[in-house]
Ligand SMILES: [Zn+2]
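Residue numbers (this note's numbering): 2 to 279.
In structure tokens, the structure reads:
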């Protein structure tokens, strides 16, 4: 197992604990070749936590959804999506029958995970953008296709607790990260930021850029581009995360690994994060 390190700014991120899966270790700089073929890569976090960030690899969907599309609210065949969700769960050891998802809407609400199951099309989920649990084996899944999948874990000696968050620009400004930390009772927390659109590709309008400069500092929105990774990292530190690990993998830049809503102009699938207390 080889640890990945942050790609963009490797000197300041410190320990970045991510490992490729499917017998395909990530390489220390770049990691693309190593991650090719991996259905998910795992956050190597202390404690009884299992957190996997999925790629688009290893599923059964085709065309724009090739291949591990986890999003059922697309034009993909729901039968394929269900099989893909089962595969993502198998990869991480999660129970798809009792896992839950969310009706994501770019807000700041975080709900306790209830065992709904994620393999029956039409299942209703809570309208929220974060899920948390302190119960063992209560798996949670959230979907992204440029937004950041974020995991936050309690890292002190107390009872384990884990949250996953869907973090786009709206949710970040609305306070989704603070909500996630509060759900875990604050204290000592560690966090991981999964793959999402990077400052290389994320063009935003003046209004969004200015909101981020005001909130997070002028350097998070240089020249019409938004560094959502760094803004999320700052929000996580503010919320009490002593350790924040970043994948720094841009979904737009890596069509072989990730779906990207912007790159594919909306006609695309969804990757995501699967997590539970083991
Ligand atoms: Zn990019």
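Built from N, CA and C at the ideal position, the CB exists for glycine as well.
The model shown is predicted, which means the values in this text are computed figures rather than measured ones.
Local conformation of residue i per DSSP, three classes
| i | result |
| --- | --- |
| residue 48 | coil |
| residue 32 | Low confidence applies here, because residue 32 scores a pLDDT of 43, under 50, leaving its location unreliable and the question unanswered by this model. |
| residue 104 | coil |
| residue 24 | Annotation note: pLDDT 37 at residue 24 (below 50); position unreliable, coordinate value reported separately. Here residue 24 sits in coil by DSSP. |
| residue 84 | helix |
| residue 225 | helix |
| residue 205 | coil |
| residue 58 | coil |
| residue 117 | coil |
| residue 148 | coil |
| residue 131 | strand |
| residue 174 | helix |
| residue 140 | coil |
| residue 37 | coil |
| residue 254 | coil |
| residue 246 | strand |
| residue 264 | coil |
| residue 195 | coil |
| residue 217 | helix |
Supposed contact pair residue j and residue i - C-beta distance, whole angstroms, cut 8 angstroms
| i | j | result |
| --- | --- | --- |
| residue 40 | residue 58 | 6 angstroms |
| residue 205 | residue 227 | 5 angstroms |
| residue 240 | residue 154 | Their Cβ separation, rounded to whole angstroms, is 13 angstroms, which puts residue 240 and residue 154 out of contact at 8 angstroms. |
| residue 149 | residue 199 | The Cβ separation is near 10 angstroms, so there is no contact. |
| residue 86 | residue 119 | 5 angstroms |
| residue 276 | residue 165 | 5 angstroms |
6 angstroms Cβ shell around residue i - same chain, five flanking residues per side excluded
| i | result |
| --- | --- |
| residue 90 | 97 |
| residue 130 | 105, 108, 167, 172 and 177 |
| residue 137 | 278 |
| residue 169 | 107 and 148 |
| residue 250 | 196 |
Proximal residues to residue i (C-beta, below 8 angstroms), its chain only, five neighbours per side dropped
| i | result |
| --- | --- |
| residue 271 | 70, 71, 72, 75, 144, 145, 146 and 260 |
| residue 156 | 46, 47, 48, 189, 190, 191, 243 and 244 |
| residue 160 | 135 |
| residue 103 | 112, 126, 127, 128, 129, 130, 131, 132, 143 and 167 |
Residues sharing a beta bridge with residue i, DSSP
| i | result |
| --- | --- |
| residue 277 | 51 |
| residue 109 | None, per the DSSP bridge assignment. |
| residue 190 | 155 and 242 |
| residue 164 | 133 and 153 |
Cβ-based neighbour list, residue i, same chain, cut-off 7 angstroms, excluding 5 preceding and 5 following
| i | result |
| --- | --- |
| residue 269 | 65, 146, 260, 261 and 262 |
| residue 210 | 222, 225 and 227 |
heavy atom of ligand 2 below 7 angstroms from residue i C-beta
| i | result |
| --- | --- |
| residue 137 | Ligand 2 is not among the ligands present in this structure, which contains only ligand 1. |
Who's in the neighbourhood of ligand 1, going by beta-carbon under 5 angstroms from any heavy atom, listed in chain order? 199, 201, 202, 251, 253 and 254
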